[in-house]
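What follows is a short report on a single structure.
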């Protein structure tokens, strides 16, 4: 019996179609043009140069296992002697690989690129952990549980945070200047003055309500929809809290003279006043920072901010800031008031219906007399 069958006696339904090849892990090519959304946004303009090397990446290795295997496979190119590998000068997650030869001098290789005198992996770890809200103690716990060697001390951690802060501010200033230029270009397209922008304000706090000690306020361009200016205000400083019981001492005065320029506590008053103060501050710094004026402020129904702008007159008496009402907030308030009115009317109708039933039940029964 012919199990395979022939073309003559094979049933039409038994013929299997050849599957189309869609590629596999060996045929897929790595897209090295843009590896992240941030890189795409920055590479869309010539003002930003983003260098992306797909071969530069990190992985976790067992040092003893890998180095022991390498020692049995490689020889010294100079004297053909045996080589041994070990870690040396560990700082955080970075270290030097010491290559020792029986006849030659020791040679050292950095485990990762260096930024000045520091290892790049340490700054990368702190930066990523701060993005997800983890501080020094969380980093130490993570490194301990993962057996990643010695973690950083507090001084090293805060030095890295200062470097990251400086770099972040520089990048943010560059991005906001680019956004202002884009907003000016869109102003010209809408036949408006180039140096007079229309902005809206938006605020956020660390906690809901008006009990937060930290708040951030941003100004957003009308046509670009991008952040133009941002100010962070805080009513709390941890260092000042530790010195509060020694304010009348000479040591406190010496310490505060150094600390006052970098003290994060730059707000006095209630948490609700943060947005007002931040918006006024950004309006007053617009000419100095971007050489533009914010001529129109799109409000969200809160009259306190605009009233303070009128009282402060950030551009003098010759130029008055005008207010535009946000249509979305108007729709929101209109819908809310309509819903409240509908609810009140429904409750009133129910109450009237109940009162009518009570009145009918309280009436004496009608007695029909027979004559």
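In the numbering used here, the protein residues as written are -7 to 363.
Don't be surprised by glycine CBs; every beta carbon is placed ideally from N, CA and C.
Nothing here was measured: the structure is a model prediction, and the numbers come from that model.
Open item on the list: Determine whether the beta carbon atoms of residue 59 and residue 87 lie at a separation below 7 Å.
Closed with: no
TODO: Could you spell out where the beta strand (DSSP E) holding residue 232 opens and where it closes?
DONE: Premise fails: residue 232 lies in the alpha helix (DSSP H), 230 to 234, not in any beta strand (DSSP E).
TODO: Could you work out which residue in 163, 249, 251, 172 is closest to residue 213 when comparing CA atoms only?
DONE: Of the candidates 163, 249, 251, 172, the one whose C-alpha sits nearest the C-alpha of residue 213 is 172.
TODO: State the DSSP-derived secondary structure class of residue 190, mapped to helix, strand or coil.
DONE: Residue 190: strand per DSSP, three-state reduction.
- [ ] Please report how far the alpha carbon of residue 351 lies from the alpha carbon of residue 336, in whole angstroms.
- [x] 23 Å
Task: Span separating the alpha-carbon of residue 369 from that of residue 53 - done: An answer regarding residue 369 cannot be provided, because it is not within the stretch -7 to 363 covered by the chain.
Open item on the list: Determine, for residue 119, whether the minimum Cβ-Cβ distance to residues of chain D falls below 7 Å.
Closed with: The structure shown has no chain D; it contains just one protein chain.
- [ ] Have a look at residue 211 and residue 229 and give me their C-alpha separation to the nearest angstrom.
- [x] 25 Å
- [ ] Please work out which residues of its chain come closer than 7 Å, Cβ to Cβ, to residue 20, disregarding the five sequence neighbours upstream and downstream, and give them in chain order.
- [x] With a pLDDT of only 40 at residue 20, under the threshold of 50, the placement of this residue in the model should not be trusted; the figure read from the coordinates follows. Excluding residues within five positions, none has a Cβ falling inside 7 Å.
Task: Segments assigned beta strand (DSSP E), at least 3 residues, entirely inside the segment 297 to 360 - done: 314 to 317
Open item on the list: Taking 6 Å as the limit between beta carbons, can you name the residues of its chain near residue 24, skipping five residues before and five after?
Closed with: Because residue 24 sits at a pLDDT of 35, beneath the cut-off of 50, its placement in the model cannot be relied upon, and the following sentence gives the value as read from the coordinates. Excluding residues within five positions, the ones whose Cβ falls inside 6 Å are 46.
Task: 8 Å CB neighbourhood of residue 174 in its chain, flanking five on each side removed - done: 213, 216, 218
Open item on the list: Please state whether the Cβ-Cβ distance between residue 368 and residue 114 is less than 7 Å.
Closed with: It is not possible to answer for residue 368, since the shown part of the chain is limited to -7 through 363.
Task: C-beta contact flag for residue 198 and residue 192 at 7 Å - done: no
Task: residue 447 versus residue 56 - alpha carbon distance - done: In the structure as shown, the chain begins at -7 and stops at 363. Residue 447 is therefore absent and cannot be evaluated.
Task: residue 151 - DSSP class collapsed to helix/strand/coil - done: helix
Task: Straight-line Cα distance separating residue 297 from residue 338 - done: 37 Å
- [ ] Leaving out five residues on either side along the sequence, give the residues of the same chain with a beta carbon under 6 Å from the beta carbon of residue 156.
- [x] 119
Open item on the list: Just to confirm, is the Cβ distance from residue 263 to residue 226 under 7 Å?
Closed with: no
Open item on the list: Using only CA atoms, which one of 185, 89, 292 lies nearest to residue 324?
Closed with: 292
Task: For residue 136, the three-state DSSP class (helix, strand or coil) - done: In the three-state reduction of the DSSP assignment, residue 136 falls in the helix class, which pools H, G and I.
TODO: From the DSSP output, in three-state form, read off residue 88 for me.
DONE: strand
- [ ] Could you please give me the residues that DSSP links to residue 202 through a beta bridge?
- [x] Looking at the DSSP assignment, residue 202 forms no beta bridge with any residue, so it has no partner.
Task: Three-state secondary structure assigned by DSSP to residue 114 - done: helix
TODO: Could you pull out every residue in the same chain whose Cβ sits closer than 6 Å to the Cβ of residue 224, ignoring the five residues on either side in sequence?
DONE: Excluding residues within five positions, the ones whose Cβ falls inside 6 Å are 208.
Task: Per-residue DSSP class, three states only, for residue 123 - done: helix
Task: Straight-line Cα distance separating residue 328 from residue 116 - done: Rounded to whole angstroms, residue 116 to residue 328 spans 47 Å at the Cα level.
Task: Three-way DSSP call (helix, strand, coil) for residue 217 in this model - done: Three-state DSSP puts residue 217 in coil, outside helix and strand.
TODO: Answer with buried or exposed for residue 101, where buried requires no fewer than 16 other C-beta atoms within 10 angstroms of its C-beta.
DONE: exposed
TODO: Could you have a look at residue 77 and say whether DSSP puts it in helix, strand or coil?
DONE: Here residue 77 sits in strand by DSSP.
Open item on the list: Using a 10 Å radius around the Cβ and a threshold of 16 neighbouring Cβ atoms, would you call residue 202 buried or exposed?
Closed with: exposed
Open item on the list: Output needed for residue 94: all residues of its chain with C-beta closer than 7 Å, excluding positions within five of it in sequence on either side, in chain order.
Closed with: 73, 74
Open item on the list: Using only the alpha-carbon positions, how far apart do residue 121 and residue 316 sit?
Closed with: Distance between the alpha carbons of residue 121 and residue 316: 41 Å.
- [ ] Report all residues from its chain with a CB closer than 7 Å to the CB of residue 247; omit the five preceding and five following residues, and keep chain order.
- [x] 235
Task: Straight-line gap, residue 160 to residue 301 (C-alpha atoms, nearest Å) - done: 29 Å
Task: Neighbourhood of residue 259 by C-beta, 7 Å cutoff - its chain only, sequence neighbours within 5 removed - done: 225, 226, 227, 266, 269
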